[in-house]
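Engineer: Numbers in my numbering are just positions in the sequence shown, counted from 1, shifted up by 1.
Take this structure, written in structure tokens, and hold onto it; I'll ask about it next.
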Amino acid sequence: MNTGDTEVIIIGAGLGGLTSAILLGQMGIKVTVIERSPFPGGLLRSYARQGVDCAVGLHYFGPAGEGELLRQMFDILGVTDKLKLRRIGTQGVLERYIFDDVTFDLPSNLPAFKEALLGLCPTENDAIDAIIAALQTMSQGLRLDEGGRLQSSPFSFAGLDQSMEEFLAAAGCSKKLHDILTVHGFWTGLPMDKCPAYLLLYTLGALLLSAWELGCTGRQMADAYSERALATGADLILGDPVEHILVHDGRACGVRLRSGRSLTCKKIVAGIHPKLVLPMLPEGALSAAYKDGLLKLAETGSAVCVHLLVDEKQQEARGYNIFRIHKIDGVHTDGTFLQVRQSGRSGYNLVTIIRGSEYSDWKQWYDTFTGKRDGEYNQAKMKAAQSMIEIAGKVLGPLGDYTILDISTPLTLRDWAASPEGSIYGLMRSVTNDLQFAVLTRMPVRSLYLVGQNAIAPGLLGVTLSILRGVGEVAGRGRFQKFLAEKLAEKSSLSSQADTD
Ligand SMILES: Cc1cc2nc3c(=O)[nH]c(=O)nc-3n(C[C@H](O)[C@H](O)[C@H](O)COP(=O)(O)OP(=O)(O)OC[C@H]3O[C@@H](n4cnc5c(N)ncnc54)[C@H](O)[C@@H]3O)c2cc1C
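Okay, here's the thing in structure tokens:
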């Protein structure tokens, strides 16, 4: 057994694992990151088809303006320059919601959002005031104060167990307002009486503070993070999955990899789905009740993603995102997400189409692996893509001659990102979940922590929230906050120096 000097082993080199590695490394803690795939980045990592970069799990995010939470974190991590961040929605529209009966353009800031809502629902002053107040409280808290503390918790306005339906009913919203405020909810796959209000409020509040996309590729972002992790002293083991977590006297103390290699440590951070952690633990490490409870939690929905190359004269790049929302029974939603951006190839733009897809629709191929599937699978994939391309044509106008660069299915996400059931956002957050699973930065084994999209909430922002809590637990909250405060002070003194120069 290797008894090296690693203090913390991090399982998984996704956004959660890599961010934790950089922060712990900067605090002088010796870290080893272990990743099953030959490449770091997880869902963050994009791939190229015909020379065009295709994003997997990072299309846009917020808030990353100067002094806002994500920018503060990028600065602390030392990656801001590499990301070449680009603000979106600067032409006035951030997202276009196309319902069967109405189209709504989401503006890029809160005052304009209020105005747009009043334009659509002029008699609903009180409800709109309540919504804006909630979004304001939520979004204003999304920054670290001088002491390195998050200004307010995303749960401070709407509790962990308040549903979006309850929140909207209390505000007195009409169906029109309800539909607009719940657009992002279709990704969760949950009806609004189960979807926690904080999830949708903080997603919308964050984007209305400032919305951004990468000016580099997802692959470059993943590489920038892993280079920073290495620079802060981390070791990175790629292409060798963790199969077992070693537990001694009730304390996680090491891992065994598929290659047979073993490593010991003082603490383990799992930057992976908690259901993947369960079979790694020795029998009896967790109670049967805890395991059952965790296994019973549902996964968020999955999706088919299509990337098309189109003539830029046929489809111009749009500086906003489009959601085509079709309400099926007033409760469930058939949603399609569309983006048209420059492709990097002269004369062509890239159309990205993402639409929800049931994992069970791909049951026939559960036992197969990406790259080794039959013609029937390819036909099913093509059929799904064609119906999405049809929707894109209706929403965007004629696509002209296009090239399909790539189609991915729930099985692709399952196989490439180790995402159970190909789920986009990992564990489903529902107000009906047992509260012990609402915040999952600890598992009930000593020295075992969890970060990433399954710990608190999904997305770049959700992963960041998990880091602020999870890394604080690993390093000690006081020490972590002091470190964050020092980094923020460093940045602010550099900025004021640059102003005076
Ligand atoms: C289609 C899609 C679109 C999205 N769009 C956006 C968006 O626009 N904006 C946004 O903010 N978020 C978006 N997201 C969500 C965002 O990508 C994720 O929340 C985030 O990347 C999750 O990071 P993570 O580190 O928690 O997990 P992951 O990225 O899944 O990383 C986990 C890592 O652990 C590794 N691993 C698994 N098992 C093992 C093992 N046994 N041993 C070692 N390593 C292991 C995996 O290979 C992986 O690299 C999207 C996601 C999807 C799927």
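Built from N, CA and C at the ideal position, the CB exists for glycine as well.
Between Asp101 and Phe438, what straight-line distance do the alpha-carbon atoms span, to the nearest angstrom?
Structural biologist: Here residue 101 corresponds to residue number 100 of the sequence shown, with the count starting at 1. Here residue 438 corresponds to residue number 437 of the sequence shown, with the count starting at 1. Distance between the alpha carbons of Asp101 and Phe438: 37 Å.
Engineer: Would you check if there are 3 or more beta carbon pairs closer than 8 Å linking the region 321–328 to the region 342–351?
Structural biologist: no
Engineer: With distances taken from CA atoms, which of Gly372, Tyr367, Trp363, Leu24 is nearest Lys384?
Structural biologist: If you number the sequence shown from 1, residue 384 lands on position 383. Cα-wise, what sits closest to Lys384 is Trp363.
Engineer: Quick one: is the Cβ of Ile23 within less than 8 Å of any heavy atom of ligand 1?
Structural biologist: Numbered from 1 along the sequence shown, position 22 holds the residue referred to as residue 23. Answer for Ile23: no, Cβ out of range of ligand 1.
Engineer: Taking 8 Å as the cut-off, is the CB of Phe484 close to at least one heavy atom of ligand 1?
Structural biologist: Residue numbering aside, residue 484 sits at position 483 when the sequence shown is read from its first letter. For ligand 1, no non-hydrogen atom lies closer than 8 Å to the CB of Phe484.
Engineer: So the alpha helix (DSSP H) Gly26 belongs to, where does it begin and stop?
Structural biologist: Position 25 of the sequence shown, counting from 1, holds the residue named residue 26. Counting along the chain, the alpha helix (DSSP H) containing Gly26 begins and ends at 16–27.
Engineer: Where does Ala171 land, buried or exposed, given buried means 16+ other C-beta within 10 angstroms?
Structural biologist: By 1-based counting over the sequence shown, the position of residue 171 is 170. Per the 10 Å Cβ criterion, exposed.
Engineer: Should Pro112 be listed as close to ligand 1, given that the test is whether its C-beta is under 8 Å from any heavy atom?
Structural biologist: Here residue 112 refers to the residue found at position 111 when the sequence shown is read from its first residue. No - ligand 1 has no heavy atom lying nearer than 8 Å to the Cβ of Pro112.
Engineer: Do Ser467 and Val452 have their CB atoms nearer than 9 Å?
Structural biologist: On the sequence shown, residue 467 is found 466 positions in, with the first residue counted as 1. On the sequence shown, residue 452 is found 451 positions in, with the first residue counted as 1. Cβ distance < 9 Å, so Ser467 and Val452 count as in contact.
Engineer: Counting pairs of Cβ atoms below 8 Å between the region 280–290 and the region 259–267, do you hit three or more?
Structural biologist: For the pair of segments examined, the region 280–290 was found not to touch the region 259–267: the number of CB pairs separated by less than 8 Å stays below three.
Engineer: Among Val472, Val440, Asp335, which residue has its Cα nearest to the Cα of Pro459?
Structural biologist: Start at 1 with the first residue of the sequence shown, and residue 459 comes out as number 458. Of the candidates Val472, Val440, Asp335, the one whose C-alpha sits nearest the C-alpha of Pro459 is Val440.
Engineer: Expressed to the nearest angstrom, what Euclidean distance is found between the alpha-carbon atoms of Leu178 and Arg144?
Structural biologist: Working through the sequence shown from its first residue, we reach residue 178 at position 177. Working through the sequence shown from its first residue, we reach residue 144 at position 143. Approximately 28 Å between the Cα atoms of the pair.
Engineer: What first and last residue would you give for the beta strand (DSSP E) that runs through Lys328?
Structural biologist: Residue mapping note: residue 328 aligns to position 327 of the sequence shown, counting from 1. That run of the beta strand (DSSP E) goes 322–328.
Engineer: May I have the straight-line CA-CA distance separating Thr334 from Val184, to the nearest angstrom?
Structural biologist: Locating residue 334 in the sequence shown gives position 333, counting from the first residue. Locating residue 184 in the sequence shown gives position 183, counting from the first residue. Between Thr334 and Val184, the C-alpha separation is close to 9 Å.
Engineer: Taking Gln27 as the reference, which of Gly234, Val270, Leu436, Ala419 has the closest Cα?
Structural biologist: Position 26 of the sequence shown, counting from 1, holds the residue named residue 27. Of the residues Gly234, Val270, Leu436, Ala419, the one whose Cα lies closest to the Cα of Gln27 is Gly234.
Engineer: Using a Cβ-Cβ cut-off of 8 Å (strictly less than) and excluding sequence neighbours within five positions of Glu147, which residues of its own chain qualify?
Structural biologist: Taking the first residue of the sequence shown as 1, we reach residue 147 at position 146. Result list for Glu147: Ala486, Leu489, Ala490, in chain order.
Engineer: Since His179 is in the alpha helix (DSSP H), which residue starts that stretch and which ends it?
Structural biologist: On the sequence shown, position 178 is the one that residue 179 refers to. Looking at the DSSP string, the run of the alpha helix (DSSP H) that includes His179 is 176–182.
Engineer: Please name the residue, chosen from Leu118, Leu282, Lys395, that lies closest to Leu449 on a Cα-to-Cα basis.
Structural biologist: Within the sequence shown, residue 449 is the residue found at index 448, counting from 1. That would be Leu282, whose Cα lies nearest to the Cα of Leu449.
Engineer: Per DSSP, what kind of secondary structure is Val278 in: helix, strand or coil?
Structural biologist: If you number the sequence shown from 1, residue 278 lands on position 277. It is helical.
Engineer: Taking buried to mean at least 16 other C-beta atoms within 10 Å of its own C-beta, is Lys297 buried or exposed?
Structural biologist: As a first step, residue 297 is located in the sequence shown; it is residue number 296 there, counting from the start. With fewer than 16 Cβ atoms within 10 Å of its Cβ, Lys297 is classed as exposed.
Engineer: Return yes when the C-beta of Pro421 is under 8 Å from any heavy atom of ligand 1, and no when it is not.
Structural biologist: Numbered from 1 along the sequence shown, position 420 holds the residue referred to as residue 421. Checking the Cβ of Pro421 against ligand 1 gives no.
Engineer: When burial is assigned at 16 or more other CB atoms within 10 Å of the CB, is Gly206 buried or exposed?
Structural biologist: Position 205 of the sequence shown, counted from the start, is the residue given in the question as residue 206. Classification for Gly206: buried.
Engineer: Between Leu84 and the rest of its own chain, which residues show a CB-CB distance below 8 Å, the 5 nearest in sequence each way excluded?
Structural biologist: Taking the sequence shown and counting its residues from 1, the one referred to as residue 84 is at position 83. Closer than 8 Å at Cβ, skipping near neighbours: Phe75, Leu215, Gly216, Cys217, Met222, Ala225.
Engineer: Can you tell me which residues form a DSSP beta bridge with Ser358?
Structural biologist: Numbered from its first residue, the sequence shown carries residue 358 at position 357. Partner(s): Ser303.
Engineer: Please classify Ser361: is it buried, with 16 or more other beta-carbons within 10 angstroms of its beta-carbon, or exposed?
Structural biologist: The residue given as residue 361 occupies position 360 in the sequence shown. It is exposed - the Cβ of Ser361 has fewer than 16 other Cβ atoms within 10 Å.
Engineer: Thinking just about the alpha-carbon of each residue, which of Gly63, Asp236, Leu210, Gly173 is nearest to the one in Pro41?
Structural biologist: Taking the first residue of the sequence shown as 1, we reach residue 41 at position 40. The option with the nearest alpha carbon to Pro41 is Asp236.
Engineer: With three or more C-beta pairs closer than 8 Å as the rule, is the region 57–68 touching the region 470–485?
Structural biologist: No, because fewer than three Cβ pairs between the region 470–485 and the region 57–68 fall closer than 8 Å, the two stretches do not touch.
Engineer: Taking the alpha carbon of Gly66 as the reference point, which residue from Gly190, Leu208, Glu36 has its own alpha carbon closest?
Structural biologist: For this step, residue 66 is matched to residue 65 along the sequence shown. Of the candidates Gly190, Leu208, Glu36, Leu208 places its Cα closest to the Cα of Gly66.
Engineer: Among the candidates Tyr367, Glu69, Ser38, whose CA atom is the shortest distance from the CA of Ala212?
Structural biologist: Taking the first residue of the sequence shown as position 1, residue 212 is located at position 211. The residue with the shortest Cα to Cα distance from Ala212 is Glu69.
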